[in-house]
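Notes follow the structure.
Chains as they are written, first to last, in our numbering: chain D, 1 to 444; chain C, 445 to 614.
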C-alpha cells in the first residue's frame with residue numbers, strides 16, 4: 001500500500017466497512033449459482049455413497065485419483081494464506097498488509113475443503129472418526145506410524161490454528177464494524193463477535209504478543225503440514241513417489257499455487273469494491289516476485305526428479321518418468337510444465353507483473369498447472385509402477401468431476417459469505433502503516 | 445453502579461495523547477486507560493507497560509502439548525504392541541510428528557486462552573468510558589482519580605490538546 005496516498009483513518013473504516021453493505025443482485029445470482037453447483041456436488045457424493053466407490057472411476061491399479069489430487073490441491077492452496085499472514089508478518093513485509101486477510105480466509109476455507117476429500121475418498125465415509133485416537137470397545141489404538149494418521153493430526157492442527165489466527169486477527173476490526181452499524185441484528189452479532197474489544201493499550205499489548213506467538217507457531221506448522229502431505233506418497237516405495245525431495249518440493253508448490261489463488265481472488269474483489277487505493281500494484285508485484293521464486297523451485301524439482309531417476313540407475317524410476325513425459329498421460333504432464341514452468345517466466349518482465357489483467361490470466365494458468373501436478377504425481381505413478389502386468393489406465397468419472405466442481409462451489413460459498421459478513425481487509429493493520437496524525441504535522 | 449470516578453479525554457493526534465500520558469504520569473496519575481485505533485509503540489512506551497504475560501500461557505500450553513504427544517503415542521503403542529516392518533514398538537521418529545503438532549495445537553489454544561483472560565475480553569460491548577470513535581480515528585485517555593483531583597486532570601488533558609473532556613463513573 002502506498003503510504004503517500006490520501007488515505008485517512010476514517011476513510012479506511014468507511015471504505016472497508018462499506019464492502020459489507022447489502023448484497024447486490026449480482027452477488028445473489030452468483031451465490032445462488034454457487035449453491036446450485038454445490039447441490040450437484042452433494043448429489044454426486046450421495047450417489048457414490050449409495051452406489052459404492054466404483055462410480056468414482058477407480059480401477060486397478062489406480063485407487064488414489066481425483067479425490068486425493070483435490071485434497072493435495074486444496075491443502076496447497078491453503079499454504080500461501082499462512083505464508084502471507086504469518087511468515088511475512090515475522091519478516092515485517094509491508095506488502096502483505098492489504099491482502100493478508102483475504103489470504104487467511106482463503107486458508108481456512110481451503111483447509112475446510114481439503115478436509116472433505118479424505119472422507120469422500122473413503123468407502124465407508126461414516127466411519128471416518130476411526131482415525132481419531134479414542135478409547136473404544138474394540139480396544140484398538142490408531143497406528144501412529146502411518147502417514148495417513150500424520151495427515152489427520154497435521155491438517156486438524158492446521159485448521160484449528162489457522163482458524164484461531166484468522167478470528168483473533170479480526171477482533172479489532174469487528175469492533176470497528178460494531179461501532180459503526182446501526183441495525184439491531186447486525187449490531188448484536190458484531191457485538192458478540194468483537195468480545196467487547198475497546199482498543200485499550202492493555203488489550204493491544206496482549207493482542208500483539210499473542211499475535212506474534214500465533215505467527216511463530218503457524219510458520220513451522222505450515223511447512224510441516226505440506227511435508228506431512230508429501231510423506232503420504234514419499235513413505236511408500238512406488239516409483240515417482242519414493243523421493244526425499246518431496247517435502248521442500250511440495251511446500252514450494254503449495255506456496256506457488258496458493259499465491260496464484262490469492263491473485264485469482266483478489267483481482268475481482270479489488271475491481272468490484274474499488275479497492276485500488278488499498279491493494280496497489282506494489283502488492284501484486286510483491287506476490288508476482290514470490291511466484292517467480294517458487295516457480296523456479298518447482299521447476300528445479302521437476303528437473304531433479306528426472307535427473308535422479310536417470311542417475312540412480314533404477315529402471316522403474318526411469319521408466320516412470322519417461323512414461324510421464326511420453327506415455328498415455330503425456331498431455332497432462334506437458335500442461336503442467338507449460339503452466340508452472342514456462343508461463344510464470346513472463347513475470348520476469350516488470351510490464352507483465354505490474355499488469356493486473358496479465359497477472360490474473362497467469363494465475364489461472366498456475367491454478368490449472370498445479371492441479372495437474374498433483375494429478376500427475378498421484379495417478380501416473382500408480383498407473384505405471386513395477387510390473388507391466390499390473391499397469392492400467394485411469395479415466396475420470398462424471399461423479400468425480402461433479403464432486404470436484406462441488407468442492408470449488410463449497411470453497412466459493414464460504415468466500416462469498418466472508419466478503420459480505422466480515423472485513424476483507426485489515427482495518428487496524430492498514431492504519432498501522434499510515435502515517436499517524438500528529439499535531440506537529442498539522443501545524444506544518 | 446458507579447465504583448470509580450473518572451475523567452475522559454478524546455484526542456485527534458497521537459503526539460498530544462503521548463504528551464498527556466507523560467504529564468499525567470508526572471503528576472502521579474498512574475491509573476490510566478488509553479485507547480487507540482491501532483497498536484502504538486509510542487503510547488506503550490509512554491505508559492511503561494510491562495511485557496504481556498501471555499507468553500507464559502504459550503509456554504505452558506506448548507510444553508503440555510509436547511508431553512501429551514509423547515505420552516499418547518508411546519502409551520497407546522505399548523498398550524497394543526504390534527510390531528510392523530521390524531520397527532520398534534516405540535518408534536520415536538514418526539512420533540515426533542505428533543509431538544510437534546500437539547505442541548503447536550496446545551500452544552496456540554493456550555495463547556488464545558491467555559489473550560482472552562488477560563485482555564478480559566467478553567461478549568458484551570463496552571458501555572462506560574468508551575467512545576465508538578476509538579475504533580475509527582480518535583485516541584482516548586481515561587483517568588481514574590479522586591473527586592478532588594478531577595479539575596487538575598481536566599486541566600492537564602486540555603492543555604495537552606484534548607478535543608473533548610468528559611466526566612464519567614467507571
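In this text, a Cβ means the ideal position worked out from N, Cα and C, and glycines have one as well.
Anything in the region 548 to 560 of chain C with a Cβ closer than 8 Å to a Cβ of chain D? List those residues in chain order, please.
548, 549, 551, 552, 553, 555, 556, 558, 559, 560
State yes or no: is the C-beta of residue 285(D) within less than 9 Å of the C-beta of residue 354(D)?
Residue numbering aside, residue 285(D) sits at position 285 when the first chain is read from its first letter. Residue numbering aside, residue 354(D) sits at position 354 when the first chain is read from its first letter. In this structure, residue 354(D) lies closer than 9 Å to residue 285(D) by Cβ.
Alpha carbon to alpha carbon, how far is residue 248(D) from residue 30(D)? Give it in angstroms, no decimals.
Position 30 of the first chain, counted from the start, is the residue given in the question as residue 30(D). Position 248 of the first chain, counted from the start, is the residue given in the question as residue 248(D). C-alpha separation (whole angstroms): 37 Å.
What residues match up with residue 608(C) in a beta bridge as DSSP calls it?
Taking the first residue of the second chain as 1, we reach residue 608(C) at position 164. BP columns for residue 608(C) point to 454(C).
By the three-class DSSP mapping on this structure, what secondary structure does residue 440(D) have?
As a first step, residue 440(D) must be located in the first chain, where it is residue number 440. Reduced to three states, the DSSP call for residue 440(D) is helix.
Whose Cβ in chain D lies nearer than 7 Å to the Cβ of residue 454(C)?
Numbered from its first residue, the second chain carries residue 454(C) at position 10. What residue 454(C) touches in chain D: nothing, since even the nearest Cβ is about 13 Å away.
Counting contacts by CB-CB distance shorter than 9 Å, is residue 493(C) in contact with chain D?
Taking the second chain and counting its residues from 1, one reaches residue 493(C) at position 49. With 9 Å as the cut-off, residue 493(C) counts as an interface residue toward chain D.
Output yes if chain C places a C-beta closer than 9 Å to the C-beta of residue 185(D); else output no.
Numbered from its first residue, the first chain carries residue 185(D) at position 185. No, residue 185(D) lies away from the interface with chain C (no Cβ there is under 9 Å from its Cβ).
What first and last residue would you give for the beta strand (DSSP E) that runs through residue 588(C)?
Against the second chain, residue 588(C) aligns to sequence position 144. Taken as a continuous stretch (DSSP letters only), the beta strand (DSSP E) holding residue 588(C) covers 583 to 588.
By the 7 Å beta-carbon criterion, what residues does the region 512 to 527 of chain C contribute toward chain D?
516, 517, 520, 521, 523, 524
Is there at least one Cβ from chain C nearer than 9 Å to residue 145(D)'s Cβ?
Locating residue 145(D) in the first chain gives position 145, where the first residue counts as 1. It does; some Cβ of chain C falls within 9 Å.
My assumption, with CB atoms under 8 Å, is that residue 103(D) sits in contact with residue 81(D). Please give the rounded CB distance.
Residue mapping note: residue 103(D) aligns to position 103 of the first chain, counting from 1. Residue mapping note: residue 81(D) aligns to position 81 of the first chain, counting from 1. Yes, they are in contact, since the Cβ atoms of residue 103(D) and residue 81(D) sit about 4 Å apart, within 8 Å.
Should residue 481(C) be labelled buried (16 or more other beta-carbon atoms within 10 Å of its own) or exposed?
In the second chain, counting from the first residue as 1, residue 481(C) sits at position 37. Under this definition residue 481(C) is a buried residue.
Does any CB atom of chain D fall closer than 9 Å to the CB of residue 612(C)?
Your numbering for residue 612(C) matches position 168 in the second chain. Taking Cβ atoms only, chain D never reaches closer than 9 Å to residue 612(C), which makes this a no.
Rounded to the nearest angstrom, what separates residue 122(D) and residue 65(D) at their Cα positions?
Taking the first residue of the first chain as 1, we reach residue 122(D) at position 122. Taking the first residue of the first chain as 1, we reach residue 65(D) at position 65. Roughly 12 Å separates the two Cα atoms.
Buried or exposed: where does residue 137(D) fall if 16 or more other Cβ atoms within 10 Å of its Cβ makes it buried?
Residue numbering aside, residue 137(D) sits at position 137 when the first chain is read from its first letter. Looking at its Cβ environment, which holds fewer than 16 other Cβ atoms inside 10 Å, residue 137(D) is exposed.
Check whether the Cβ atoms of residue 193(D) and residue 174(D) sit closer than 9 Å, and answer yes or no.
For the purposes of this step, residue 193(D) is identified with residue 193 of the first chain, where counting begins at 1. For the purposes of this step, residue 174(D) is identified with residue 174 of the first chain, where counting begins at 1. Cβ distance < 9 Å, so residue 193(D) and residue 174(D) count as in contact.
Is there a Cβ from chain C that is less than 9 Å from the Cβ of residue 232(D)?
Within the first chain, residue 232(D) is the residue found at index 232, counting from 1. So no, residue 232(D) is outside the interface.
With a threshold of 9 Å between beta carbons, is residue 446(C) in contact with chain D?
Within the second chain, numbered from 1, the residue matching residue 446(C) stands at position 2. Only weak support exists for where residue 446(C) lies, its pLDDT of 49 falling under 50; the coordinates are left without a value.
Where does residue 480(C) sit, in a helix, a strand or coil, going by DSSP?
Taking the first residue of the second chain as 1, we reach residue 480(C) at position 36. Here DSSP, grouped into helix, strand and coil, assigns residue 480(C) to coil.
Check whether the Cβ atoms of residue 18(D) and residue 273(D) sit closer than 9 Å, and answer yes or no.
Counted from its first residue, the first chain places residue 18(D) at position 18. Counted from its first residue, the first chain places residue 273(D) at position 273. Closer than 9 Å, so yes.
For residue 196(D), which of helix, strand or coil comes out of DSSP?
The residue you call residue 196(D) lines up with position 196 of the first chain. In this structure, residue 196(D) counts as coil in the three-state DSSP scheme.
Relative to the C-alpha of residue 147(D), which residue among 48(D), 309(D), 224(D) is closest?
As a working note, residue 147(D) is residue 147 in the first chain. The candidate whose alpha carbon is nearest that of residue 147(D) is 224(D).
Using the Cα positions of residue 416(D) and residue 22(D), report the straight-line distance between them to the nearest angstrom.
Stepping through the first chain from its first residue, residue 416(D) is reached at position 416. Stepping through the first chain from its first residue, residue 22(D) is reached at position 22. So the alpha carbons of these two residues sit roughly 13 Å apart.
Tell me, please, which residues DSSP counts as bridged to residue 59(D).
As a position in the first chain, residue 59(D) is number 59, starting the count at 1. According to DSSP, residue 59(D) bridges with 62(D).
Using only the alpha-carbon positions, how far apart do residue 621(C) and residue 475(C) sit?
Residue coverage of chain C in this structure runs from 445 to 614, which leaves residue 621(C) outside it and unanswerable.
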